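Undergrad: Taking the numbering used here, I'd label the letters of the sequence shown as residues 98 to 486.
Dropping a structure here in structure tokens format, bear with me for questions.
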Amino acid sequence: MTADLVVVGSGLFGLTIAERAANDLGLKVAIIDRRHHIGGNAYSEAEEQTGIEVHRYGAHLFHTSNERVWNYVNRFTTFTDYQHKVYTRHKGEVYPMPVNLGTINQFFRAAYSPAEARALIAEQAAELGDKVPENFVEKGISLIGRPLYEAFIMHYTAKQWQTDPEQLEASIISRLPVRYTYNNRYFNDTWEGLPTDGYTAWLERMADHPNIEVRLETDFFDAGQEINRDNVRGNVPIVYTGPVDRYFDYAEGELSWRTVDLEEEVLPIEDFQGTSVMNYPDPDVPFTRIHEFRHFHPERDYTKDATVIMREYSRFAGRDDEPYYPINTDADRAGLLRYRDRANAEPGVLFGGRLGTYKYLDMHMAIGSALSMFDNRIKPHFTEGAPLE
Ligand code: FDA
């Protein structure tokens, strides 16, 4: 196939670009991905034994307040009415998250009104007086007070970062949400739900167009592949959604990421924890949370003989690990600026998505920014001859 546009990465960013280019502009698009499947980190599949849909790269909940994105995604899938809620298991008790009036009253064995709870948390948060928080612990205390911070946040964050919280920078958190109502919906967005037929059906529909060719198990940096950096660069416009530092052979240093290890287990019982996500904020448990996938789709007729759970462990990523969350140290921020200069100077290549921009993006943000790139840069290039930059 002679492609008009090469898209590196079949995650939601790459798929959105490819879909728009094929449907709106009639372009021939080649999408390559080094994985054996489409969809990037949003990919899901039926677990073999049980048929329960498992999100292979960690739980993915769709939510957005962006009307354009909502209308766009609804062309490819309908959504269930799932509303995400998270619980947390601390010292043998289960509390609702994020911290809300229910959490506060259970924790302090009280029946505070919203005003009373607000006054209590304000008093506890004032413990450090006028002192400017110097690390993560002090910042946490200044936001929600020591008791709640130590119970629900401190060790959880230490496990996520594999670092003593006293050594973590205060800037990691700017706010910790506390709700003075009993509302424990996790997201506040206008629209929320899970794709009715699963993520992969949605993602495959985006690529289902005669002008779109998907090549899997194809690494852009593998010179043995028909489509690779050396023979495409300068010849065909490229949208690159892989890691930006990898594209430039790490010339400005490696950007640091956190990754997660996911340990899956099939249990011979109908229900393990009664909810989709349970956090484990205590230091004596090595994982951060457990997902139980059947609860994402209560409307489905899943087997009652078994359930699938996934324990999540967090750690720093090495070069061969999946990069999940940007760490954003001072060195990373400086390196990113140098990579941005290089990316801007790279002719015929646009960098996008979470890996290409070194930015955590929720799915709706990845789709929204791909739609903007299409409108502002790709469409003008192909319809008006504007330079691709
Ligand atoms: P994405 O990573 O999905 O895709 C990039 C693709 O590029 C990958 O398929 C990769 O294989 C490919 N690639 C990289 N290098 C390549 C190379 N050299 N050659 C060929 N292909 C290459 N969002 C949300 O809205 N709700 C949620 O609940 C969650 N939950 C969540 C949990 C976890 C653990 C993570 C890490 C992320 C989330 N997200 C999320 C975010 C969501 O995963 C994110 O928005 C999308 O992955 C972004 O899509 P991209 O296309 O940018 O990247």
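Here a beta-carbon is modelled for each residue, glycine too, at the ideal position from N, C-alpha and C.
Model, not experiment: these values are computed from the prediction.
Contact between the region 294-303 and the region 134-152: three or more CB pairs below 8 Å?
TA: Yes, they touch.
Undergrad: Using the three-state DSSP reduction, which class does Ile-201 fall into: helix, strand or coil?
TA: As a working mapping, residue 201 is identified with position 104 in the sequence shown. Correct three-state label for Ile-201: helix.
Undergrad: Is Pro-340 near the ligand FDA, going by C-beta to nearest heavy atom under 7 Å?
TA: By one-based count along the sequence shown, residue 340 stands at place 243. Pro-340: yes, Cβ under 7 Å from the ligand FDA.
Undergrad: What residue from Glu-231, Ile-201, Gly-242 has the CA that sits closest to Gln-221's CA?
TA: Position 124 of the sequence shown, counted from the start, is the residue given in the question as residue 221. Nearest C-alpha to Gln-221: Gly-242.
Undergrad: Which same chain residues, not among the five before or five after Thr-480, have their C-beta less than 8 Å away from its C-beta?
TA: Numbered from 1 along the sequence shown, position 383 holds the residue referred to as residue 480. Taken in chain order, the residues that qualify are Leu-122.
Undergrad: In whole angstroms, what is the alpha-carbon distance linking Glu-247 and Leu-240?
TA: For the purposes of this step, residue 247 is identified with residue 150 of the sequence shown, where counting begins at 1. For the purposes of this step, residue 240 is identified with residue 143 of the sequence shown, where counting begins at 1. Each residue's alpha carbon lies about 12 Å from the other.
Undergrad: Give the list of continuous alpha helix (DSSP H) stretches no shorter than 4 residues that lie fully inside the region 257-344.
TA: Listed in chain order, they are 296-303, 326-329, 341-344.
Undergrad: What do you reckon, is the C-beta of Ala-127 under 7 Å from a heavy atom of the ligand FDA?
TA: The sequence position of residue 127 within the sequence shown is 30, counting from 1. Ala-127 Cβ: outside cutoff for every heavy atom of the ligand FDA.
Undergrad: Just to confirm before moving on: does the CB-CB distance between Asn-308 and Glu-266 stay below 8 Å?
TA: The count along the sequence shown starts at 1 and reaches residue 308 at position 211. The count along the sequence shown starts at 1 and reaches residue 266 at position 169. Against a cut-off of 8 Å, the Cβ pair of Glu-266 and Asn-308 comes out as no contact.
Undergrad: On the DSSP bridge assignment, give the partners of Leu-433 in chain order.
TA: Position 336 of the sequence shown, counted from the start, is the residue given in the question as residue 433. Its beta-bridge partners do not exist; DSSP assigns none.
Undergrad: Whose C-beta lies closer than 6 Å to the C-beta of Leu-158 among residues of the same chain, with five residues either side of it excluded?
TA: One-based indexing of the sequence shown puts residue 158 at position 61. Correct list, in chain order: His-181.
Undergrad: Would Asn-325 pass as a contact of Asp-319 if the rule is Cβ separation under 8 Å?
TA: Position 228 of the sequence shown holds residue 325. Position 222 of the sequence shown holds residue 319. Yes.
Undergrad: Leu-109: buried (16+ other C-beta within 10 angstroms of its C-beta) or exposed?
TA: Residue 109 sits at position 12 when you count from the first residue of the sequence shown. Label assigned to Leu-109: buried.
Undergrad: For the alpha helix (DSSP H) that contains Leu-85, what are its first and last residues?
TA: The question about residue 85 has no answer here: the residues shown for the chain are numbered 98 through 486.
Undergrad: What is the residue span of the alpha helix (DSSP H) that Ser-491 lies within?
TA: Residue 491 lies beyond the stretch modelled for the chain, which goes from 98 to 486, so this question has no answer here.
Undergrad: Examine the Cβ distances between the region 281-291 and the region 255-270 and report whether three or more of them are shorter than 8 Å.
TA: The region 281-291 vs the region 255-270: no contact.
Undergrad: Does Tyr-410 come out as helix, strand or coil in the three-state DSSP assignment?
TA: Reading the sequence shown from its first residue, position 313 is the one you call residue 410. Strand at Tyr-410.
Undergrad: Taking 8 Å as the threshold (C-beta atoms), are Thr-400 and Glu-389 in contact?
TA: One-based indexing of the sequence shown puts residue 389 at position 292. One-based indexing of the sequence shown puts residue 400 at position 303. Taking 8 Å as the Cβ cut-off, Glu-389 and Thr-400 do not qualify as a contacting pair.
Undergrad: Kindly list the residues whose CB is nearer than 6 Å to the CB of Glu-164, restricted to its own chain and excluding five residues on each side of it in sequence; keep chain order.
TA: Here residue 164 corresponds to residue number 67 of the sequence shown, with the count starting at 1. If we look at Glu-164 and ignore the five residues flanking it on each side, it has no Cβ neighbours.
Undergrad: Is it the case that the region 451-461 contacts the region 412-429, given that we only count it when at least three CB pairs across the two stretches are under 8 Å?
TA: With the cut-off at 8 Å, the region 412-429 and the region 451-461 touch.
Undergrad: Going by the C-beta, is Thr-254 closer than 7 Å to any heavy atom of the ligand FDA?
TA: For the purposes of this step, residue 254 is taken as the residue at position 157 of the sequence shown. Every heavy atom of the ligand FDA is 7 Å or more from the Cβ of Thr-254, so no.
Undergrad: Would you please state the rounded distance, in angstroms, between the beta carbons of Met-407 and Glu-361? I believe it to be under 8 Å.
TA: Numbered from 1 along the sequence shown, position 310 holds the residue referred to as residue 407. Numbered from 1 along the sequence shown, position 264 holds the residue referred to as residue 361. Correct: roughly 5 Å between the Cβ atoms.
Undergrad: Look at the Cβ atom of Tyr-377, then the Cβ atom of Arg-186, and state whether they are nearer than 8 Å.
TA: The residue labelled residue 377 in the question sits at position 280 within the sequence shown. The residue labelled residue 186 in the question sits at position 89 within the sequence shown. Cβ atoms of Tyr-377 and Arg-186: closer than 8 Å.
Undergrad: Beta carbon of Gly-199, beta carbon of Asn-281: below 8 Å?
TA: Residue mapping note: residue 199 aligns to position 102 of the sequence shown, counting from 1. Residue mapping note: residue 281 aligns to position 184 of the sequence shown, counting from 1. A contact, by the Cβ cut-off of 8 Å.
Undergrad: If you scan the region 136-188 from start to end, which runs of the alpha helix (DSSP H) of 4 or more residues do you find wholly inside it?
TA: Listed in chain order, they are 164-170.
Undergrad: Does the ligand FDA have even one heavy atom less than 7 Å from the beta-carbon of Ala-100?
TA: By one-based count along the sequence shown, residue 100 stands at place 3. Answer for Ala-100: no, Cβ out of range of the ligand FDA.
Undergrad: For a test of the three-state rule: what should DSSP assign to Pro-484, helix, strand or coil?
TA: For the purposes of this step, residue 484 is taken as residue 387 along the sequence shown, with counting starting at 1. DSSP places Pro-484 in coil when its eight states are reduced to three.
Undergrad: For Glu-116 and Phe-345, I'd like the C-alpha separation in whole angstroms.
TA: Counted from its first residue, the sequence shown places residue 116 at position 19. Counted from its first residue, the sequence shown places residue 345 at position 248. Each residue's Cα considered, the two are about 27 Å apart.
Undergrad: Under 8 Å between the Cβ atoms of Ala-100 and Lys-125?
TA: By 1-based counting over the sequence shown, the position of residue 100 is 3. By 1-based counting over the sequence shown, the position of residue 125 is 28. Their beta carbons are under 8 Å apart, which means Ala-100 touches Lys-125 by this criterion.
Undergrad: Here's a check: name, in chain order, each residue in its chain whose Cβ is nearer than 7 Å to the Cβ of Asp-368, leaving out the five neighbours to either side.
TA: Sequence index remark: in the sequence shown, residue 368 carries index 271 (1-based). If we look at Asp-368 and ignore the five residues flanking it on each side, its Cβ neighbours are Thr-404.
Undergrad: Excluding sequence positions up to five away, which residues of its chain have a Cβ less than 7 Å from the Cβ of Val-170?
TA: If you number the sequence shown from 1, residue 170 lands on position 73. Hits under 7 Å: Ile-464.
Undergrad: My output table needs one value for Arg-355: the three-state DSSP class, helix, strand or coil.
TA: Numbered from its first residue, the sequence shown carries residue 355 at position 258. DSSP places Arg-355 in strand when its eight states are reduced to three.
Undergrad: What is the rounded straight-line gap between the Cα of Tyr-283 and the Cα of Leu-112?
TA: Reading the sequence shown from its first residue, position 186 is the one you call residue 283. Reading the sequence shown from its first residue, position 15 is the one you call residue 112. Distance between the alpha carbons of Tyr-283 and Leu-112: 27 Å.
Undergrad: Put Thr-372 into one of helix, strand or coil per three-state DSSP.
TA: Indexing the sequence shown from 1 puts residue 372 at position 275. Here Thr-372 sits in coil by DSSP.
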